[in-house]
Amino acid sequence: MESHVVKIVDIQQVTHDVKSFRLEKPAGYTFVPGQATEVAINKEGWQNERRPFTFTSLNHEPTLQFTIKRYADHDGVTNQIHQLVAGDELILHDVWGAIEYKGPGYFIAGGAGITPFIAILRQLHRDNQLAGNTLFFSNKTAADVIYEKELSNMLGKNAHYILSREQKAGYENGIINADYLRSQATDFSKHFYVCGPDKMIADINAALEKLGASADNVVFEK
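Position 63, counted from 1, in the sequence shown is what the UniProt record's numbering calls 63; the numbers after and before it change by one each time, with no gaps.
Printed below as a string of structure tokens:
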């Protein structure tokens, strides 16, 4: 398995617990929007601690970008990554398929589960092919919404933000379940792209099956 040691070029704060990391891009390193790789920190004791992260940059860009949420409740990889600074090194491995765009439909994301969709939506926006796509993005509070301004700029009224633990003007309140999808999705023959916590994926997939979506049209990380 190939591995590449790359330097962090730039770090930006995205939300209170999410950062964007721009990295050097190895020569000939290519990926498709929605794909991921395993990442490790090039520091003693962490080189073999690999975790999967999705590329949020586009393939034509000169650098790679990952958008990573910090889970500070334990001293794991994301907590360590968030302590890194520009010039520190990460280890990248082979690219592998996660979620692939198959045609217009509904993107259903929970929290950091938006990350596989970021590059897909950015590429569609760049190619002027976003028409016919709708985003349902669930978070606990408004402060948790990743890249809200960019998503709204790209999708306009087709970006829906659902908050489970906060009521706030401009946002919907509740959870994404069968009742919500029945009221919001107008065409269950379209593609459904689902990413989030494991339980959410299972619940959404069961709801979609109940509502008549074809299993072949439901795309999620397996």
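Cβ coordinates follow ideal geometry from the N, Cα and C atoms, glycine included.
Three-state secondary structure assigned by DSSP to residue i
i: R182; result: helix
i: K149; result: helix
i: Q65; result: strand
i: G76; result: coil
i: E209; result: helix
i: Q13; result: strand
i: N173; result: strand
i: P116; result: helix
i: H82; result: coil
i: L135; result: strand
i: L90; result: strand
i: R51; result: strand
i: G110; result: strand
i: L130; result: coil
i: L124; result: helix
i: L155; result: helix
Buried or exposed by the 16-neighbour rule on C-beta atoms within 10 Å, applied to residue i
i: M1; result: exposed
i: L191; result: In the sequence under discussion, the amino acid at residue 191 is His, which differs from the Leu named in the question. The residue is buried, with at least 16 neighbouring Cβ atoms inside 10 Å.
i: A159; result: buried
i: N173; result: exposed
i: P33; result: buried
i: K7; result: exposed
i: K69; result: buried
i: D144; result: buried
i: Q167; result: exposed
i: Q129; result: exposed
i: R126; result: exposed
i: K25; result: buried
i: E148; result: buried
i: R165; result: exposed
i: T37; result: buried
i: S138; result: buried
i: G212; result: exposed
i: A40; result: buried
Spatial distance of residue i from residue j (CA atoms)
i: D94; j: N48; result: 14 Å
i: Y161; j: T30; result: 32 Å
i: H4; j: Y71; result: 25 Å
i: F66; j: L90; result: 11 Å
i: L58; j: L124; result: 11 Å
i: L163; j: A207; result: 19 Å
i: G110; j: V77; result: 21 Å
Minimum C-alpha distance to residue i - residue among the options
i: K157; options: G132, G196, L163; result: G132
i: L64; options: V77, Y71, F55, I81; result: F55
i: V85; options: E166, D10, L163; result: D10
i: K102; options: W96, F117, D88, G113; result: F117
i: T15; options: K140, E24, E209; result: K140
i: K19; options: I176, T115, T37, Q123; result: T115
i: M154; options: S138, Q184, F188, A119; result: A119
i: G105; options: H60, R51, F21, Q184; result: Q184
i: L135; options: I146, L151, A142, R122; result: L151
i: S214; options: M200, Y193, K222, E221; result: Y193
i: F188; options: Q83, Q13, F107, E44; result: F107
i: I175; options: P62, T186, C195, M200; result: M200
Closer than 7 Å: residue i CB and nearest the ligand ATP heavy atom
i: A213; result: The ligand ATP is absent from the structure shown, which contains no ligand whatsoever.
Residues that DSSP places opposite residue i in a beta bridge
i: I23; result: Reading off the sequence, residue 23 comes out as Leu, not Ile. I8, L64.
i: E38; result: P52
i: V32; result: DSSP lists no partner for V32.
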